[in-house]
Amino acid sequence: MNRLQRRTGVAVLCLGAALIMVACGSSATNTSGSSGPAGSTATNPSAGPNPNATESAPPGDIPDNQAFVPYAPKGTGYRLQVPEGWAMTQPGRATLFTDKYNSIRIEKLTVAKAPTVASATSTELPRIKAAAHGFVPGSVTAAPRKAGTAIKITYRADSVPNPVTGKVIVQAVERYEFWRAGREVVLTLSASLGSDNVDPWRKVTDSFAWMA
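Mapped onto our numbering, the consecutive letters of the sequence shown carry residue numbers 1019 to 1230.
This is the structure:
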């Protein structure tokens, strides 16, 4: 082999080595970029959240297709609508409708004067605080409804323990006080904290009406 042939062979070997180094460098760049396994999940759907996944609703959410039925107990002088299918019990003077951690408590009282924001703040809140576990105050406001303006008290409290599991959850509570001519009806609506029951609770409280 002459000198020219040897030089040509060396040049070919160097060119091959250079090509191999370029290929390796290009591969390393790809694995650290957005299109490689270690890159952004935007180009790798399997590594990100599934946009079609079903999100579980909080345990207190009332379904959008929930049906409501009239409730007008004889001799009470009022009526309203309550969710169909909920269990009804009558603890003491109250009537209670429940479903999971949702509840609607109805109680009729004899009260000489109409409640106000001031009287509810000074009188009702201390009573509620004394009776509720885990009490966290919310607000006291005047809430216009179809039957007239009610006094609305909001707060948080612990639920009663589940009879099977013993589990206690934090509940968001809305208490509405309707008054007319010495009669007061108190609607207390409770659901697990974080539930979205704005529309159902508005439907219940707007359906309240005096019958006489």
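Note that beta-carbon positions come from the ideal geometry of N, C-alpha and C, so glycine has one too.
With a threshold of 8 Å, are at least 3 pairs of Cβ atoms found where one atom belongs to the region 1207-1224 and the other to the region 1156-1172? yes
So is residue 1108 buried or exposed if we call it buried at 16+ other beta carbons inside 10 Å? Taking the first residue of the sequence shown as position 1, residue 1108 is located at position 90. When all chains shown are included, residue 1108 counts as exposed.
Nonlocal neighbours in the same chain, by C-beta distance under 6 Å from residue 1214, ignoring five residues either side: On the sequence shown, residue 1214 is found 196 positions in, with the first residue counted as 1. Only 1079 meet the Cβ criterion.
Hey, quick one: how far does the alpha helix (DSSP H) through residue 1221 stretch, first residue to last? For the purposes of this step, residue 1221 is taken as residue 203 along the sequence shown, with counting starting at 1. Residue 1221 -> alpha helix (DSSP H) spans 1216-1225.
Own chain residues within Cβ distance below 7 Å of residue 1211, not counting five before or after: Position 193 of the sequence shown, counted from the first residue, corresponds to residue 1211. Same-chain partners within the cutoff: 1174, 1188, 1189 and 1190.
For residue 974, which three-state DSSP category applies? Any property of residue 974 remains undetermined from this structure, which presents the chain solely from 1019 to 1230.
Note down the Cα distance separating residue 1171 from residue 1143, rounded to an integer number of angstroms. On the sequence shown, residue 1171 is found 153 positions in, with the first residue counted as 1. On the sequence shown, residue 1143 is found 125 positions in, with the first residue counted as 1. Their backbone Cα atoms lie some 8 Å apart in a straight line.
At least 3 beta-carbon pairs within less than 8 Å: the region 1145-1159 vs the region 1126-1133: The answer is no - the region 1126-1133 does not touch the region 1145-1159, with fewer than three Cβ pairs under 8 Å.
Report the residue from 1192, 1198, 1197 and 1200 whose alpha carbon sits nearest the alpha carbon of residue 1207. The residue labelled residue 1207 in the question sits at position 189 within the sequence shown. Selection 1192, 1198, 1197 and 1200 evaluated against residue 1207 yields 1192 as nearest (Cα-Cα).
Looking only at DSSP bridge pairs, what is residue 1196 linked to? One-based indexing of the sequence shown puts residue 1196 at position 178. The partner list for residue 1196 (beta bridge, DSSP) reads 1203.
Can you tell which of 1177, 1184, 1114 and 1229 has its C-alpha closest to the C-alpha of residue 1204? For this step, residue 1204 is matched to residue 186 along the sequence shown. Checking every option, the nearest Cα to that of residue 1204 belongs to 1114.
How big is the Cα-Cα spacing for residue 1182 and residue 1230? Sequence index remark: in the sequence shown, residue 1182 carries index 164 (1-based). Sequence index remark: in the sequence shown, residue 1230 carries index 212 (1-based). If you take the alpha carbons of residue 1182 and residue 1230, they lie about 43 Å apart.
State the DSSP-derived secondary structure class of residue 1111, mapped to helix, strand or coil. Numbered from its first residue, the sequence shown carries residue 1111 at position 93. Note: residue 1111 maps to coil in three-state DSSP.
What do you get for residue 1138, buried or exposed, if any count of 16 or more other CB atoms within 10 angstroms of its CB means buried? Within the sequence shown, residue 1138 is the residue found at index 120, counting from 1. Residue 1138 is buried by the Cβ-count criterion.
6 Å CB neighbourhood of residue 1159 in its chain, flanking five on each side removed: Looking up residue 1159 in the sequence shown gives position 141. Correct list, in chain order: 1170.
Presumed contact (8 Å Cβ cut-off) between residue 1225 and residue 1098, rounded CB distance: On the sequence shown, residue 1225 is found 207 positions in, with the first residue counted as 1. On the sequence shown, residue 1098 is found 80 positions in, with the first residue counted as 1. With a Cβ gap of about 5 Å, residue 1225 and residue 1098 count as contacting.
Residue nearest to residue 1089 in terms of C-alpha spacing, selected from 1082, 1103 and 1081: Translated into the one-based positions of the sequence shown, residue 1089 becomes position 71. The candidate whose alpha carbon is nearest that of residue 1089 is 1103.
Residue 1199 versus residue 1095: straight-line alpha-carbon distance, rounded: Locating residue 1199 in the sequence shown gives position 181, counting from the first residue. Locating residue 1095 in the sequence shown gives position 77, counting from the first residue. For residue 1199 and residue 1095, the distance between alpha carbons rounds to 12 Å.
In the structure shown, what three-state DSSP assignment does residue 1183 receive? For the purposes of this step, residue 1183 is taken as residue 165 along the sequence shown, with counting starting at 1. Coil.
Which residues does DSSP pair with residue 1125 in a beta bridge? Taking the sequence shown and counting its residues from 1, one reaches residue 1125 at position 107. Answer is 1112 and 1204, bridged to residue 1125.
Should residue 1121 be labelled buried (16 or more other beta-carbon atoms within 10 Å of its own) or exposed? Sequence index remark: in the sequence shown, residue 1121 carries index 103 (1-based). Looking at its Cβ environment, which holds 16 or more other Cβ atoms inside 10 Å, residue 1121 is buried.
Should residue 1216 go down as buried or exposed, given a rule of 16 or more other Cβ atoms within 10 Å for buried? Walking along the sequence shown from the start, residue 1216 turns up at place 198. Result: exposed.
With a Cβ-Cβ cutoff of 8 Å, do residue 1082 and residue 1101 count as a contact? Against the sequence shown, residue 1082 aligns to sequence position 64. Against the sequence shown, residue 1101 aligns to sequence position 83. Not in contact: residue 1082 and residue 1101 (Cβ atoms no closer than 8 Å).
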